[in-house]
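Trainee: Following this message is one structure expressed as C-alpha cells.
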Amino acid sequence: MEVDGPVRVRRPGRGTTTGDGTAGTSAGVGVAGGGEVGVGLVGYGLAGSILHAPLVGAEPRLRLHAVASTRPDRVHRDLPAVPVVATPAELLGDPGVELVVVAAPNTAHFDLARQALAAGRHVVVDKPFVIRSAEAEELIRLAGEQGLVLSVFHNRRWDDDFRTVEQVVRSGLLGRVATYAASYHRFLPDPVRGWREQPGPGSGVLYDLGSHLIDQALHLFGPPATVMADVRAQRPGATADDYVHLVLGYGPLRVILHAGSLVRATGPRFEVHGDRGSFAMHGIDGQEAALRQGRRPGDPGWGRDREDRYGTLTTDLGGLPVVARVEALPGSYEAYYAGIAGAILDGGPVPVPAGEAADTIRVIEAAQASSSDGRVVEPG
Numbered sequence: 429m430e431v432d433g434p435v436r437v438r439r440p441g442r443g444t445t446t447g448d449g450t451a452g453t454s455a456g457v458g459v460a461g462g463g464e465v466g467v468g469l470v471g472y473g474l475a476g477s478i479l480h481a482p483l484v485g486a487e488p489r490l491r492l493h494a495v496a497s498t499r500p501d502r503v504h505r506d507l508p509a510v511p512v513v514a515t516p517a518e519l520l521g522d523p524g525v526e527l528v529v530v531a532a533p534n535t536a537h538f539d540l541a542r543q544a545l546a547a548g549r550h551v552v553v554d555k556p557f558v559i560r561s562a563e564a565e566e567l568i569r570l571a572g573e574q575g576l577v578l579s580v581f582h583n584r585r586w587d588d589d590f591r592t593v594e595q596v597v598r599s600g601l602l603g604r605v606a607t608y609a610a611s612y613h614r615f616l617p618d619p620v621r622g623w624r625e626q627p628g629p630g631s632g633v634l635y636d637l638g639s640h641l642i643d644q645a646l647h648l649f650g651p652p653a654t655v656m657a658d659v660r661a662q663r664p665g666a667t668a669d670d671y672v673h674l675v676l677g678y679g680p681l682r683v684i685l686h687a688g689s690l691v692r693a694t695g696p697r698f699e700v701h702g703d704r705g706s707f708a709m710h711g712i713d714g715q716e717a718a719l720r721q722g723r724r725p726g727d728p729g730w731g732r733d734r735e736d737r738y739g740t741l742t743t744d745l746g747g748l749p750v751v752a753r754v755e756a757l758p759g760s761y762e763a764y765y766a767g768i769a770g771a772i773l774d775g776g777p778v779p780v781p782a783g784e785a786a787d788t789i790r791v792i793e794a795a796q797a798s799s800s801d802g803r804v805v806e807p808g
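The numbering of the sequence shown is my numbering, which starts it at 429 and goes up by one.
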C-alpha cells in the first residue's frame, strides 16, 4: 500500500490549516475547479457506506471521486457512477483525489493516514483516531510540516442530544457543573463476528463507543487531570472488552462515562447536575438510523427527534421550583463535512482537530492502565 513519492495538489494563494487545527499562512491548497474537493474513500464497510459516503455526497463543495474497496459490487450497487480501485495506493496515484477519508479497521488508521499525508493529501480519519498516542503525535507532526488538514470523524459531537446538553451547560443554566454522566448502552448478549469484537489492539467497546463518550466529555471540559477505569468483558465467550466505566477527574467535577453490552432497559443518556439545577436526556440520536434507511441531510425533518426525547431541566426561578421540557437542537452530521470543505477551501477552522482527537487516545491509554493496575492514572 506504499506510494512512491508525494503527489502535490497545491496552488498558491489560499490559506491552509494544519493538522492540529491552527491556521497556516505559507503555501496554499489548490483545488481542481477552484471550489470543489475531490474525495477518495478508503474502505466501504459500515462506516464508509452508512456514514462517510452519504455525508460527503451531501456537501456541495465535496465530490466523491473514487473508493478503494475489496467490495466493488457493494460500492457499485450504492454508487454506480463512482470508480472503484482495489488498493489505497491506486487511490493515492490519482491526482483527482485531494482529500482521503480513512474508513478502514482501526489498526490500519495510522499507516493509511501517514501514507496519504506523505502523498500531499488532506486526511479525515474515522474514529478512533489511532491506537496509540505516539501514532497520533506522528501524524500531527507530518500534517503540520505539509500544511495539510488532518481531522477525525467524531460525528457524535453533532448528535441532537449532545448539542442540546452542550448548549445547556455552556449557557450557565445549571450553574457550576459538579457531575456529568453519559452512557452508551446496547443489548447484545451474544458476541458478533467482526474485527471490533476480536481480541487485539483497537478492538472492544473502549475504542468503539468509549471514544465517542470521551470525545464528547473532552469537548465540553477539556482533558481531565485523572482517569479511573474499569474495563472488562462481561458476556460469555467475549474476547474483547464489552463493558467500560470511566471516572474523569477535573478537580471537584466528576465526569462518569459508561458503556455496556448487556443493558436491555437503558436509563438517561445524559445527566448533568450543577449548583443551580439538573438536566437529563433519554434515547439516542436518530441520524445514523436515518442514514441506514436511505434518508439524507436536507430531507424533511432531518436531525429532529420526537418530543418524548426532549430534555428535562430542573431548576428554580425566584425561589420557585421549575421543571421544564427543553426541545432538542437538531442533529447535524452534515456540519462535519461542511467544516472540512471550509477548512480546505477557505482556511477555516478544522472540525475535530487532530490534537483534540489525540487527547481522546491519551484518555483511552490511561483507562487501560487504570483498569489493569487498579489505580488512578494521570493521562500522559
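C-beta: ideal position from N, C-alpha, C; glycine also.
Is A608 helix, strand or coil when you go by DSSP?
Mentor: On the sequence shown, residue 608 is found 180 positions in, with the first residue counted as 1. Just to set this straight, residue 608 is Tyr in the shown sequence, not Ala. Of the three classes helix, strand and coil, the one that applies to Y608 here is strand, per DSSP.
Trainee: Measuring alpha carbon to alpha carbon, tell me which residue in V778, R790, R724 is nearest E487.
Mentor: On the sequence shown, position 59 is the one that residue 487 refers to. That would be R724, whose Cα lies nearest to the Cα of E487.
Trainee: Let me check understanding here. Comparing Cα to Cα, which of L527, L474, H504 lies closest to V467?
Mentor: Counting from one through the sequence shown, the residue named residue 467 turns up at place 39. Among L527, L474, H504, the Cα nearest to that of V467 belongs to L527.
Trainee: At 3 residues or longer, and completely inside the stretch 531-604: list those beta strand (DSSP E) runs for me, N to C.
Mentor: 550-554, 578-581
Trainee: Just the Cα atoms here: how many angstroms apart are D522 and L570?
Mentor: Sequence index remark: in the sequence shown, residue 522 carries index 94 (1-based). Sequence index remark: in the sequence shown, residue 570 carries index 142 (1-based). C-alpha separation (whole angstroms): 21 Å.
Trainee: For D501, count neighbouring C-beta atoms within 10 Å of its own C-beta (all shown protein chains included) and say buried if the count is 16 or more, exposed if not.
Mentor: Within the sequence shown, the letter at position 73 stands for residue 501. Looking at its Cβ environment, which holds fewer than 16 other Cβ atoms inside 10 Å, D501 is exposed.
Trainee: With DSSP as the reference, identify every bridge partner of R505, one or two as the case may be.
Mentor: By one-based count along the sequence shown, residue 505 stands at place 77. Its beta-bridge partners do not exist; DSSP assigns none.
Trainee: DSSP beta-bridge partners for H686?
Mentor: Position 258 of the sequence shown, counted from the first residue, corresponds to residue 686. H686 is bridged to S611, H673.
Trainee: May I ask you to list the residues that DSSP assigns as paired with G739?
Mentor: Start at 1 with the first residue of the sequence shown, and residue 739 comes out as number 311. Paired residue(s): V754.
Trainee: If we call anything under 9 Å between Cβ atoms a contact, is V553 one with A766?
Mentor: On the sequence shown, residue 553 is found 125 positions in, with the first residue counted as 1. On the sequence shown, residue 766 is found 338 positions in, with the first residue counted as 1. Judged by their CB atoms, V553 and A766 are not nearer to each other than the 9 Å cut-off.
Trainee: Under 8 Å, with one C-beta from each stretch per pair, do the stretch 760-776 and the stretch 611-619 reach the 3-pair mark?
Mentor: no
Trainee: If you count every other CB in all the chains shown that lies within 10 Å of the CB of Q574, and 16 or more means buried, which is it?
Mentor: Taking the first residue of the sequence shown as position 1, residue 574 is located at position 146. The residue is buried, with at least 16 neighbouring Cβ atoms inside 10 Å.
Trainee: With DSSP as the reference, identify every bridge partner of T654, one or two as the case may be.
Mentor: By 1-based counting over the sequence shown, the position of residue 654 is 226. Per DSSP, the beta-bridge partners of T654 are G677.
Trainee: Start and end of the beta strand (DSSP E) containing S800?
Mentor: Translated into the one-based positions of the sequence shown, residue 800 becomes position 372. Not the beta strand (DSSP E): S800 falls in the alpha helix (DSSP H), residues 782-801.
Trainee: Would you tell me roughly how many angstroms separate the C-alpha atoms of Y803 and F649, rounded to the nearest one?
Mentor: On the sequence shown, position 375 is the one that residue 803 refers to. On the sequence shown, position 221 is the one that residue 649 refers to. Strictly speaking, residue 803 in this sequence is Arg, with Tyr absent from that position. Straight-line Cα distance between these residues: approximately 22 Å.
Trainee: Does the separation of the CB atoms of T742 and F707 fall below 9 Å?
Mentor: Translated into positions along the sequence shown, residue 742 becomes position 314. Translated into positions along the sequence shown, residue 707 becomes position 279. Contact annotation: T742 and F707 have beta-carbon atoms nearer than 9 Å.
Trainee: Among all the DSSP beta bridges, which residues are the ones paired with G468?
Mentor: Mapped onto the sequence shown, residue 468 falls at position 40. Paired residues: A494, V528.
Trainee: For the alpha helix (DSSP H) holding S814, just list the boundary residues, first then last.
Mentor: No answer is possible for residue 814: it lies beyond the span of the chain, which begins at 429 and ends at 808.
Trainee: At a cut of 8 Å, does the stretch 496-513 reach the stretch 473-487 through at least three beta carbon pairs?
Mentor: yes
Trainee: Let me confirm a value: P728 is counted as buried when at least 16 other C-beta atoms fall within 10 Å, else exposed. Which label applies?
Mentor: By 1-based counting over the sequence shown, the position of residue 728 is 300. The residue is exposed, with fewer than 16 neighbouring Cβ atoms inside 10 Å.
Trainee: For the structure I just gave you, are there three or more beta carbon pairs, one from the stretch 630-642 and one from the stretch 534-549, closer than 8 Å?
Mentor: yes
Trainee: Could you check the C-alpha separation between A717 and W730 for me, to the nearest Å?
Mentor: Your numbering for residue 717 matches position 289 in the sequence shown. Your numbering for residue 730 matches position 302 in the sequence shown. Taking the straight line from one Cα to the other gives about 11 Å.
Trainee: Does DSSP put H701 in a helix, a strand or coil?
Mentor: The residue you call residue 701 lines up with position 273 of the sequence shown. Of the three classes helix, strand and coil, the one that applies to H701 here is strand, per DSSP.
Trainee: Do you know how far the Cα of R753 is from the Cα of R549?
Mentor: Here residue 549 refers to the residue found at position 121 of the sequence shown. Here residue 753 refers to the residue found at position 325 of the sequence shown. R753 has its alpha-carbon roughly 46 Å from the corresponding atom of R549.
Trainee: Do F538 and E566 come within 9 Å of each other at the CB atom, strictly closer than that value?
Mentor: Within the sequence shown, numbered from 1, the residue matching residue 566 stands at position 138. Within the sequence shown, numbered from 1, the residue matching residue 538 stands at position 110. In contact: E566 and F538 (Cβ atoms closer than 9 Å).
Trainee: In three-state DSSP terms, what is L634?
Mentor: Working through the sequence shown from its first residue, we reach residue 634 at position 206. Here L634 sits in coil by DSSP.
Trainee: The alpha helix (DSSP H) that contains A766, what's its start and end?
Mentor: Sequence index remark: in the sequence shown, residue 766 carries index 338 (1-based). 762-774 is the span of the alpha helix (DSSP H), which, as asked, contains A766.
Trainee: Among the residues of its own chain, which have a CB less than 8 Å from the CB of A496, if the five just before and after it don't count?
Mentor: The sequence position of residue 496 within the sequence shown is 68, counting from 1. Same-chain partners within the cutoff: G468, L469, V470, G471, V512, V513, A514, T515, P516, E518, L519.
Trainee: Our contact map puts V577 next to I768 with C-beta atoms below 8 Å; I'd like the distance itself, whole angstroms only.
Mentor: For this step, residue 577 is matched to residue 149 along the sequence shown. For this step, residue 768 is matched to residue 340 along the sequence shown. That belief holds up - the Cβ atoms of V577 and I768 are roughly 7 Å apart, short of 8 Å.
Trainee: Does the Cβ-Cβ distance between V672 and L685 come in under 9 Å?
Mentor: Translated into the one-based positions of the sequence shown, residue 672 becomes position 244. Translated into the one-based positions of the sequence shown, residue 685 becomes position 257. Against a cut-off of 9 Å, the Cβ pair of L685 and V672 comes out as a contact.
Trainee: Would you grab the beta carbon distance between I559 and G630 for me? Rounded to a whole angstrom, and I think it's under 8 Å.
Mentor: Walking along the sequence shown from the start, residue 559 turns up at place 131. Walking along the sequence shown from the start, residue 630 turns up at place 202. Confirmed, about 5 Å.
Trainee: Between the Cα of A609 and those of N583, S561, G702, P664, spot the shortest distance and give me the residue it belongs to.
Mentor: As a working note, residue 609 is residue 181 in the sequence shown. Of N583, S561, G702, P664, the residue nearest in Cα terms is G702.
Trainee: Tell me which residue opens and which closes the beta strand (DSSP E) that A708 is part of.
Mentor: Within the sequence shown, residue 708 is the residue found at index 280, counting from 1. Note, A708: beta strand (DSSP E), 706-709.
Trainee: Count the other CB atoms within 10 Å of the CB of D713; is the residue buried (16 or more) or exposed (fewer)?
Mentor: Translated into the one-based positions of the sequence shown, residue 713 becomes position 285. By the neighbour-count rule (16 or more Cβ atoms within 10 Å), D713 is buried.
Trainee: Going by the beta-carbon positions, is the gap between D670 and L690 smaller than 9 Å?
Mentor: For the purposes of this step, residue 670 is taken as residue 242 along the sequence shown, with counting starting at 1. For the purposes of this step, residue 690 is taken as residue 262 along the sequence shown, with counting starting at 1. Closer than 9 Å, so yes.
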